[in-house]
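Chains as they are written, first to last, in our numbering: chain A, 155 to 269; chain B, 7 to 117.
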């Protein structure tokens, strides 16, 4: 199974600033995703990171607020822009290989607090 | 869009009791996955079900996929304190598509 490394693991940021989260997978994967999870809540999909093209965003999430890059099959970044306290959450990177029977694997997450 | 409902939201059991969580999709699924998230951890893949009526077992855990491929269940026999965590189901309605996660069932086990 794919091993996903995510950094930073946690950060405390000032409102109005931006933070970029990095996600590195130890094998080539087809699909990479970014989720947000409030403590004790379910996983909310932010977007699917597409290699070499713009990410596909879910309803309620926009590129200006959450720009995503995916320059190759093993790496992606998520930027949380112009942060406000409402952006305080856990951000999770996930990846899977294309195919009918491939499970998703998750990174350890980035715990983000905005002051 | 596709919706995946999961019940109950919380379950508190005495150690040794059984536990079941149920997952229902608004649409027919191509497959369903189950994940476990320990407190403070990230979701960890447990199993995937693909076939109609499929049943799979992992030690004390039994996973079922409904005949119509719209519902699924996870049953834990004789719970242990190590079973504590939140169990998520995630349904996929095409082989290529994204998975839709249920809201999870949080299990606490009293020793």
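C-beta atoms are modelled at their ideal positions from N, C-alpha and C, and glycine is treated no differently.
Legend entry - Straight-line gap, residue 87 of chain B to residue 206 of chain A (C-alpha atoms, nearest Å): 45 Å
Inset, instruction - Report yes if the C-beta distance between residue 264 of chain A and residue 172 of chain A is below 9 Å; otherwise report no. - result: no
Legend entry - Chain-ordered chain A contacts of residue 108 of chain B [CB-CB under 8 Å]: 196
Inset, instruction - Below 6 Å CB to CB, which residues in the same chain sit around residue 112 of chain B once its five sequence neighbours on both sides are set aside? - result: Answer for residue 112 of chain B: 16 and 92, listed in chain order.
Legend entry - Beta-carbon proximity list for residue 24 of chain B, same chain, < 6 Å, skipping 5 on both sides: 83
Legend entry - For residue 55 of chain B, the nearest candidate out of B:48, B:47 and B:35 (CA to CA): Taking only the C-alpha atoms, the option nearest residue 55 of chain B is B:35.
Legend entry - chain A contact for residue 104 of chain B (CB, 9 Å cutoff): yes
Inset, instruction - Taking residue 260 of chain A as the query, report the chain B residues whose CB atoms sit under 7 Å from its CB, ordered along the chain. - result: 48 and 49
Inset, instruction - Compute the Euclidean distance between the alpha carbons of residue 168 of chain A and residue 221 of chain A, then round it to the nearest angstrom. - result: 19 Å
Inset, instruction - Could you tell me whether any Cβ in chain A is nearer than 9 Å to the Cβ of residue 84 of chain B? - result: no
Inset, instruction - Kindly indicate which residue of B:18, B:48, B:41 and B:80 has the alpha-carbon position closest to the one of residue 106 of chain B. - result: B:41
Inset, instruction - Compute the Euclidean distance between the alpha carbons of residue 117 of chain B and residue 157 of chain A, then round it to the nearest angstrom. - result: Spanning the two alpha carbons is a distance of roughly 33 Å.
Inset, instruction - Return the CA-CA distance between residue 51 of chain B and residue 236 of chain A, expressed in angstroms with no decimal places. - result: 33 Å
Inset, instruction - Would you be able to state if there are at least three C-beta pairs under 8 Å between the region 94-103 of chain B and the region 58-66 of chain B? - result: no
Legend entry - Any beta strand (DSSP E) of 3 or more consecutive residues that is wholly inside the region 167-231 of chain A: 173-179, 185-191, 197-203 and 222-226
Inset, instruction - Would you mind giving the Cβ-Cβ distance between residue 8 of chain B and residue 110 of chain B, rounded to the nearest angstrom? I have them listed as a contact below 8 Å. - result: About 17 Å; that fails the 8 Å criterion.
Legend entry - Assigned exposure category for residue 267 of chain A - 16 Cβ within 10 Å defines buried: exposed
Inset, instruction - Using beta-carbon positions only, say whether residue 160 of chain A and residue 262 of chain A come within less than 9 Å of one another. - result: yes
Inset, instruction - May I have the straight-line CA-CA distance separating residue 78 of chain B from residue 30 of chain B, to the nearest angstrom? - result: 7 Å
Legend entry - residue 185 of chain A at chain B interface by Cβ criterion, 9 Å: yes
Legend entry - Check whether residue 191 of chain A and residue 246 of chain A have beta carbons under 9 Å apart: Closer than 9 Å, so yes.
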